[in-house]
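A.B. asks:
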Amino acid sequence: MSNIPERLIDDESRKALKERFEKEMKGEVVVDLFTGTDNPDYVEFTEKLLNELSEIDSRIIVKKYDINGEKAQKRGLETSPTLTIGWDKGYKIEYWGAPAGYETGGMIETMLFVSNDTSGLSKSTLESLDYLDKEIKLYSFVTPTCPYCPQSVVQNNKIAIAKKGLVRSICIEANENMELSQKFNVSSVPQQNINDDLESTTVGVQPESTYIDQILSYGSTRYEELKKIREEKEMKAAQLVDNPDYPVKLTDATFNAAIKKYPFIVVDCWAEWCTPCKMIAPIVDDLAKEKQGQIVFGKLDTDHNPATSNQFGIRSIPTLLVFKNGEKVGQIIGAKPKAALLKEIEAFM
């Protein structure tokens with residue numbers, strides 16, 4: 028990294044960030060930057076980037092320390108540069124190497140989550156994480172040119188926010204940390220590892236529920252108990268019971284029976300990787316309870332049920348398919364506020 032421009036953030040981006048910070052940032056964010064004599068270009072870039080962000084919003088507070096000092100040693104930090112976010116609040120979020128390229132956006136998103144003291148994880152994920160009771164480390168190996176890497180890092184950071192003090196999220200710039208990359212046999216990014224176990228390696232952004240399950244297998248003394256509860260919940264959700272107060276889990280095999288059984292059913296077509304789907308999921312859960320006996324809600328995972336997805340031409344998710352007396356009467360595309368969504372659904376009744 029050389030020929031670093033005088034300003035990293037142009038005027039247009041600066042204006043957009045200022046507006047976003049004013050709208051979304053609720054409190055201060057302390058970023059501790061640890062540097063030494065190694066990697067001077069990466070150090071210069073990171074210092075400049077953080078200083079410019081702090082100039083845009085003074086609630087981003089940058090504190091600088093020696094990577095060879097006592098504070099760095101206590102935190103187990105060795106790479107120059109390394110930055111931590113929200114350590115003063117108890118969050119263990121670390122970037123080993125310069126947060127350049129695509130990682131800059133993920134770092135800013137993490138700052139916003141920390142400023143709000145919220146993880147942004149789904150209700151079901153938070154319930155599962157309640158079972159995590161052991162300290163764990165989550166590694167994410169990345170490169171600045173990888174467009175998918177920030178999703179991996181932010182997912183780990185969210186988990187570290189949700190389980191303050193128990194989870195340590197470490198973003199490792201693979202090219203700046205070659206010794207670690209070789210130790211973990213990194214060949215493609217993003218790569219995730221749990222603790223220092225090579226057998227935990229996953230490559231590519233992992234579906235949230237699958238990844239949480241893997242984390243709990245390392246970090247929960249009650250993992251088997253949780254698996255049993257999940258299995259029972261899955262079995263219950265898959266049954267086409269009368270007047271359910273929860274979204275019924277539908278598959279290619281049960282879809283036709285469901286739309287024939289329920290006089291008015293709204294099917295939420297979703298996928299694990301879809302962020303807007305996660306936004307609408309708690310709304311669907313709430314409406315299923317509130318409208319029990321009037322509207323039945325179902326959920327269809329489009330990735331695992333391609334026949335139904337193709338039958339109804341699902342091209343964008345979330346899509347809610349509306350059926351009345353066994354016939355499709357409408358559909359609603361995209362995430363919407365609860366009141367707006369209910370109004371559109373009731374228009375088909």
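Mind the numbering: the sequence shown is residues 28 to 376 in my numbering, read in order.
Built from N, CA and C at the ideal position, the CB exists for glycine as well.
Under the rule that 16 or more other beta-carbon atoms within 10 Å means buried, what is Arg249, buried or exposed?
C.D. replies: Along the sequence shown, read from residue 1 onward, the residue named residue 249 stands at position 222. Arg249 is exposed by the Cβ-count criterion.
A.B. asks: Please list the segments of the alpha helix (DSSP H) lying wholly inside the region 319–347, counting only runs of 4 or more residues, in order along the chain.
C.D. replies: For the region 319–347, whole alpha helix (DSSP H) runs of length 4 or above, ordered along the chain, are 333–338.
A.B. asks: Hey, out of Val213, Val141, Pro290 and Ile94, whose CA is closest to Val70's CA?
C.D. replies: For the purposes of this step, residue 70 is identified with residue 43 of the sequence shown, where counting begins at 1. That would be Ile94, whose Cα lies nearest to the Cα of Val70.
A.B. asks: Do you know offhand how far Ile83's Cα is from Lys150's?
C.D. replies: One-based indexing of the sequence shown puts residue 83 at position 56. One-based indexing of the sequence shown puts residue 150 at position 123. Rounded to the nearest angstrom, the two C-alpha atoms are 33 Å apart.
A.B. asks: Excluding the five sequence neighbours on either side, which residues of its own chain have a C-beta within less than 6 Å of the C-beta of Gly246, listed in chain order?
C.D. replies: Here residue 246 refers to the residue found at position 219 of the sequence shown. Once the five neighbours on either side are set aside, the close Cβ partners of Gly246 are Leu159, Lys161 and Ile163.
A.B. asks: Using only the alpha-carbon positions, how far apart do Ile221 and Tyr238 sit?
C.D. replies: One-based indexing of the sequence shown puts residue 221 at position 194. One-based indexing of the sequence shown puts residue 238 at position 211. When rounded, the distance between both Cα atoms is 10 Å.
A.B. asks: Does the Cβ of Ile302 have 16 or more other Cβ atoms within 10 Å, making it buried, or fewer, making it exposed?
C.D. replies: Locating residue 302 in the sequence shown gives position 275, counting from the first residue. Going by the sequence as given, residue 302 is Thr instead of Ile. Exposed, because fewer than 16 other Cβ atoms sit within 10 Å of the Cβ of Thr302.
A.B. asks: Between the C-alpha atoms of Lys305 and Thr228, what's the straight-line distance to the nearest angstrom?
C.D. replies: The residue you call residue 305 lines up with position 278 of the sequence shown. The residue you call residue 228 lines up with position 201 of the sequence shown. Each residue's alpha carbon lies about 25 Å from the other.
A.B. asks: Return yes when the Cβ of Glu299 is within less than 8 Å of the Cβ of Glu258, no when it is not.
C.D. replies: In the sequence shown, the residue the question calls residue 258 occupies position 231. In the sequence shown, the residue the question calls residue 299 occupies position 272. No.
A.B. asks: Drop a sphere of 10 angstroms on the beta-carbon of Tyr175, count the other beta-carbons inside from all chains shown, and report buried for 16 or more, exposed for fewer.
C.D. replies: Along the sequence shown, one-based indexing puts residue 175 at 148. Tyr175 is exposed by the Cβ-count criterion.
A.B. asks: For Gln100, does the three-state DSSP call read helix, strand or coil?
C.D. replies: As a working mapping, residue 100 is identified with position 73 in the sequence shown. Three-state result, Gln100: helix.
A.B. asks: Shortest alpha-carbon distance to Gly54 belongs to which of Asp115, Thr106, Ala43 and Ser179?
C.D. replies: Locating residue 54 in the sequence shown gives position 27, where the first residue counts as 1. Gly54 has its Cα closest to that of Asp115, out of Asp115, Thr106, Ala43 and Ser179.
A.B. asks: Three or more C-beta pairs closer than 8 Å, one from the region 251–268 and one from the region 202–214: is that the case here?
C.D. replies: no
A.B. asks: Within 10 Å of its beta-carbon, does Ile401 have 16 or more other beta-carbons around it, so buried, or fewer, so exposed?
C.D. replies: With the chain running from 28 to 376 in the structure shown, residue 401 is simply not present.
A.B. asks: Roughly how many whole angstroms lie between the Cα atoms of Ala43 and Lys288?
C.D. replies: The residue labelled residue 43 in the question sits at position 16 within the sequence shown. The residue labelled residue 288 in the question sits at position 261 within the sequence shown. If I take the Cα positions, the gap works out to 50 Å.
A.B. asks: In angstroms with no decimal places, state the Cα-to-Cα distance between Gln209 and Val169.
C.D. replies: Within the sequence shown, the letter at position 182 stands for residue 209. Within the sequence shown, the letter at position 142 stands for residue 169. Each residue's Cα considered, the two are about 13 Å apart.
A.B. asks: Say whether the region 313–332 touches the region 273–287, bearing in mind that this needs 3 or more beta-carbon pairs closer than 8 Å, one atom from each stretch.
C.D. replies: yes
A.B. asks: By DSSP, does Gln440 sit in helix, in strand, or in coil?
C.D. replies: Because the chain spans 28 through 376 in this model, residue 440 falls outside it and cannot be assessed.
A.B. asks: Between Ala362 and Trp297, what straight-line distance do the alpha-carbon atoms span, to the nearest angstrom?
C.D. replies: Translated into the one-based positions of the sequence shown, residue 362 becomes position 335. Translated into the one-based positions of the sequence shown, residue 297 becomes position 270. If you take the alpha carbons of Ala362 and Trp297, they lie about 11 Å apart.
A.B. asks: Measuring alpha carbon to alpha carbon, tell me which of Phe282, Leu369, Gln219 and Gly124 ends up nearest Phe339.
C.D. replies: Residue mapping note: residue 339 aligns to position 312 of the sequence shown, counting from 1. Nearest option by C-alpha distance: Phe282.
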